[in-house]
Ligand code: HPA
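Numbering (this note's numbering), first residue to last: 91 to 360.
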C-alpha cells in the first residue's frame, strides 16, 4: 500500500499541489464548500493512480486544491462509501494520500438522519464521538508501522481544540450546532423503525453511512480531525415518514450554508 500511496501523491504533486495544510472531506449534497475555495488545481479522481472512482451521482469525484480562508486546503468533492462495494482500506486511501501530501488537520462533513428527538432536520451536529457499525475496519490486515500503531487509541477521536473552536464559532454566528454521537451503518438502505429504535437505545444521536473509516485512519496516522453532520431527516420510529434521497439532498443543500460558514471560520482560526 505504501507504494500506491506514494504513486498517487506523486501524481497529485506533479499537477502543482504543494503542501496543503488542511484536508477536507465533503459529504453527500455538501459539495458547495468547494466553490469557496480559490481553486488552483482540480484533479479528477479518475486520473489519479490507484484512486477509487466514486459510483454515486450526487458525488462528483474531484480533488480541489487552493486557498480557503487564507490557508492551503485540499478537498475531496465526493467520498467513497462501504455500500458502493469498497473495502475500508479503499474508502480511506485518499486520507492516506492527504497525509503524504502533508496535511496537518482534517475536516469532515456528512449528511445524517437524526435519532435524537430534540435534534431537528436542517440543523447541524458536531460529532463528539461515534459507534462504528460499518463491518469492514480500514486497519484490518497487516499494520503499516511507518504510518501508525497496530492498536490506535480512540479515547478522543475528534479533536478537542477544533471542537471547542467550532462551538465558539457557532455561538458567535448564531448557528444551531448540536453535539452528539454519530453511528455509521453499512447502508445503502435506510433503516427500519426497529433499527432506529435500537440505534437510539445504544446511544446514537445521528445515523449515516460514512466518516468513521476516515476518522479511524486519521487517528491511526495522528491527524487531528473534526466532523459535522448535516441532519437531513428525522428518524422517529413511532412516526416514521418515508424519506426520499431527493429530499435529503435538498435539505443538505439548505443547511450547507451554515456548515460552510462554520468551516470557513474554523479554517481562519487554525
Ligand atoms: N440513515 C442512514 N444514513 C442517512 C440517513 C439515515 O436516516 N439520512 C441521511 N443519511
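Yeah, the Cβ is synthetic: ideal placement off N, Cα and C, and Gly gets one too.
Cβ-based neighbour list, residue i, same chain, cut-off 7 Å, excluding 5 preceding and 5 following
| i | result |
| --- | --- |
| residue 326 | 207 |
| residue 300 | 117, 169, 171, 200 and 274 |
| residue 133 | 102, 105, 152 and 153 |
| residue 233 | 240 |
| residue 177 | 226 |
Three-state secondary structure assigned by DSSP to residue i
| i | result |
| --- | --- |
| residue 93 | helix |
| residue 161 | strand |
| residue 121 | helix |
| residue 324 | strand |
| residue 211 | coil |
| residue 190 | helix |
| residue 219 | strand |
| residue 232 | coil |
| residue 114 | strand |
| residue 137 | helix |
| residue 127 | coil |
| residue 313 | coil |
| residue 224 | coil |
Extent of the continuous alpha helix (DSSP H) to which residue i belongs
| i | result |
| --- | --- |
| residue 285 | 283-291 |
| residue 310 | 302-310 |
| residue 353 | 335-358 |
| residue 253 | 250-263 |
Same chain, Cβ closer than 6 Å to residue i, neighbours up to 5 away in sequence not counted
| i | result |
| --- | --- |
| residue 293 | 271 |
| residue 358 | 159 |
| residue 267 | 214, 216 and 260 |
| residue 306 | 228 |
| residue 122 | 346 |
| residue 113 | 164, 188, 193 and 196 |
Nonlocal neighbours in the same chain, by C-beta distance under 8 Å from residue i, ignoring five residues either side
| i | result |
| --- | --- |
| residue 126 | 158, 350 and 354 |
| residue 211 | 204, 321, 322, 323, 324 and 341 |
| residue 243 | 309 |
| residue 96 | 190 |
Rounded straight-line distance, which links the Cα of residue j to that of residue i
| i | j | result |
| --- | --- | --- |
| residue 120 | residue 93 | 31 Å |
| residue 331 | residue 279 | 15 Å |
| residue 287 | residue 333 | 17 Å |
| residue 322 | residue 153 | 25 Å |
| residue 237 | residue 276 | 26 Å |
| residue 142 | residue 115 | 15 Å |
| residue 129 | residue 163 | 9 Å |
| residue 318 | residue 197 | 8 Å |
| residue 109 | residue 184 | 15 Å |
| residue 173 | residue 262 | 38 Å |
| residue 107 | residue 329 | 49 Å |
| residue 181 | residue 302 | 10 Å |
| residue 224 | residue 304 | 12 Å |
| residue 285 | residue 222 | 15 Å |
| residue 265 | residue 283 | 30 Å |
N- and C-terminal bounds of the beta strand (DSSP E) containing residue i
| i | result |
| --- | --- |
| residue 275 | Here residue 275 belongs to no beta strand (DSSP E), and DSSP marks it neither H nor E. |
| residue 175 | No beta strand (DSSP E) holds residue 175; DSSP gives it neither H nor E. |
| residue 197 | 195-204 |
| residue 143 | Residue 143 -> no beta strand (DSSP E), and no H or E assigned at all. |
| residue 297 | 296-298 |
With three or more C-beta pairs closer than 8 Å as the rule, is the region 227-240 touching the region 332-351?
no
Pair every Cβ in the region 331-341 with every Cβ in the region 256-267, then say whether three or more of these pairs are closer than 8 Å.
no
Does the pairing of the region 186-193 with the region 239-255 give three or more beta-carbon distances under 8 Å?
no
Three or more C-beta pairs under 8 Å: does that hold for the region 204-224 against the region 297-314?
yes
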